[in-house]
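Accompanying notes for the structure given below.
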Amino acid sequence: MTVHPSQLKDRLIGPSIEVAPGVYDALGASLAEQAGFETIYLSGASLAYTQLGRPDIGLLGLSEVNDALLHIRERTELSIIVDCDTGFGNAMNAMRSVRLLERSGANAIQLEDQTYPKRCGHLRGKTLVPAAEMVGKLKAALDARDSERTLIIGRTDAVAVEGTDGALDRAEAYREAGVDILFIEGIRSDGDVEKIMSRFHGRVPIMANMVEGGDTPLKTAEALEGLGFSLVIFPGALVRAVTHMATRFFATLRRDGSTDAFRDRMLDFTQLNKYLGTQAMLELGEKYENR
Numbered sequence: 002m003t004v005h006p007s008q009l010k011d012r013l014i015g016p017s018i019e020v021a022p023g024v025y026d027a028l029g030a031s032l033a034e035q036a037g038f039e040t041i042y043l044s045g046a047s048l049a050y051t052q053l054g055r056p057d058i059g060l061l062g063l064s065e066v067n068d069a070l071l072h073i074r075e076r077t078e079l080s081i082i083v084d085c086d087t088g089f090g091n092a093m094n095a096m097r098s099v100r101l102l103e104r105s106g107a108n109a110i111q112l113e114d115q116t117y118p119k120r121c122g123h124l125r126g127k128t129l130v131p132a133a134e135m136v137g138k139l140k141a142a143l144d145a146r147d148s149e150r151t152l153i154i155g156r157t158d159a160v161a162v163e164g165t166d167g168a169l170d171r172a173e174a175y176r177e178a179g180v181d182i183l184f185i186e187g188i189r190s191d192g193d194v195e196k197i198m199s200r201f202h203g204r205v206p207i208m209a210n211m212v213e214g215g216d217t218p219l220k221t222a223e224a225l226e227g228l229g230f231s232l233v234i235f236p237g238a239l240v241r242a243v244t245h246m247a248t249r250f251f252a253t254l255r256r257d258g259s260t261d262a263f264r265d266r267m268l269d270f271t272q273l274n275k276y277l278g279t280q281a282m283l284e285l286g287e288k289y290e291n292r
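Convert by adding 1 to the 1-based position in the sequence shown; the result is the number in the numbering used here.
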């Protein structure tokens with residue numbers, strides 16, 4: 002399947018919800034593509050978990066996110082939504098971040114209104130920048146992009162800090178600033194969803210975030226579509242699944258001194274190379290060897 006990333010904007014205004022699994026490397030992106038997804042979400046939290054072995058508390062920098070994006074873009078033609086945290090600073094930092102990530106292959110870039118360093122949207126103790134400061138940052142991001150096909154996502158974490166009504170007011174300001182998608186993080190209830198949709202549905206695409214064990218009740222993509230959401234991300238699901246599997250794998254290896262008991266839950270050497278297309282790449286390389 003060949004996907005044209007520029008179609009993301011069109012898909013978000015269509016009748017069907019866009020489902021974007023979270024990834025943190027090129028292998029995960031290729032697995033998502035093989036499974037039939039058209040969009041993936043480069044999760045800052047998942048990068049912190051896997052690259053640093055640390056929580057999502059603002060430890061990553063722009064260059065680390067961009068490096069991961071470059072590897073993913075080389076491997077896949079899927080639409081890529083990139084978690085840009087707070088833009089890594091003020092409005093000028095946000096402009097630089099957008100320019101760099103767009104050139105590296107981002108199709109949508111998400112900016113949030115937390116102070117820096119930020120926290121995962123489902124951790125306690127978040128603090129926010131003033132709404133006016135965030136509006137300026139979003140306007141800077143919109144001005145910085147080279148193409149209007151590169152979408153800017155305005156995220157607010159105000160539900161946990163200022164309540165739902167405060168979050169709605171911030172979201173309205175971000176919509177007026179010109180963002181392409183609104184992301185109201187940490188929705189607590191169906192009542193929150195009703196308030197959000199009564200105010201914004203049909204005016205701007207709304208994004209949902211499903212976090213296993215987080216503040217927002219888990220719903221299927223079909224249910225979220227019925228509620229009016231245009232996009233749903235599952236940002237950390239893959240790393241949680243991999244961590245669960247790897248914990249069992251290492252326990253088995255430590256206990257047995259062998260991987261035999263785990264073989265039915267893993268690929269062997271030949272199977273992995275078949276998936277990676279090793280033989281085809283070797284044959285391609287032979288075309289350019291001196292003879």
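Just so you know, even glycine gets a beta-carbon here, dropped at the ideal spot from N, CA and C.
Compare the beta carbon distance of Q115 and D158 with 8 Å and say whether it is the shorter of the two. yes
Could you tell me the distance, in whole angstroms, from the CA atom of T253 to the CA atom of M135? 49 Å
Can you give the Cα-Cα distance for L71 and L60, rounded to whole angstroms? 20 Å
Counting only runs that start and end within the stretch 46 to 85, where is the alpha helix (DSSP H) found for 4 or more residues in a row? 63 to 76
Could one say the Cβ of E75 lies closer than 8 Å to chain B's Cβ atoms, at least one of them? In the displayed structure, chain B is absent; only one protein chain is listed.
Start-end ranges of the beta strand (DSSP E) lying completely within the stretch 220 to 245, minimum 3 residues: 232 to 235
8 Å Cβ cutoff met for I14 and T40: no
Inspect the beta-carbon positions of T217 and I182 and report whether they are closer than 8 Å. no
Determine whether the beta carbon atoms of L112 and A92 lie at a separation below 8 Å. no
Classification of K119 by the beta-carbon crowding that lies within 10 angstroms, buried from 16 upward: buried
Excluding sequence positions up to five away, which residues of its chain have a Cβ less than 8 Å from the Cβ of Y117? G59, D86, T87, F89, G90
Would the stretch 235 to 243 and the stretch 40 to 49 be scored as touching if the rule is three or more Cβ pairs under 8 Å? yes
Per DSSP, F184 forms a beta bridge with which residues? R156, M208
Under the rule that 16 or more other beta-carbon atoms within 10 Å means buried, what is T3, buried or exposed? Only weak support exists for where T3 lies, its pLDDT of 41 falling under 50; the value from the coordinates is given anyway. With fewer than 16 other Cβ atoms within 10 Å, it is exposed.
Quick one, are the C-beta atoms of I153 and L143 less than 8 Å apart? yes
Using beta-carbon positions only, say whether E75 and A132 come within less than 8 Å of one another. no
One question on the structure: do K196 and L169 come within less than 8 Å of each other, judged by their Cβ atoms? yes
Separation of R176 from K205, as counted between CA atoms: According to the sequence provided, residue 205 is Val. The question's Lys does not apply to it. Rounded to whole angstroms, V205 to R176 spans 7 Å at the Cα level.
Classify I110 as helix, strand or coil using the three-state DSSP reduction. strand
Where G37 sits in the DSSP three-state scheme: coil
So is Y276 buried or exposed if we call it buried at 16+ other beta carbons inside 10 Å? exposed
CA-to-CA distance, R255 to I73, given in whole angstroms: 33 Å
For a test of the three-state rule: what should DSSP assign to L129, helix, strand or coil? strand
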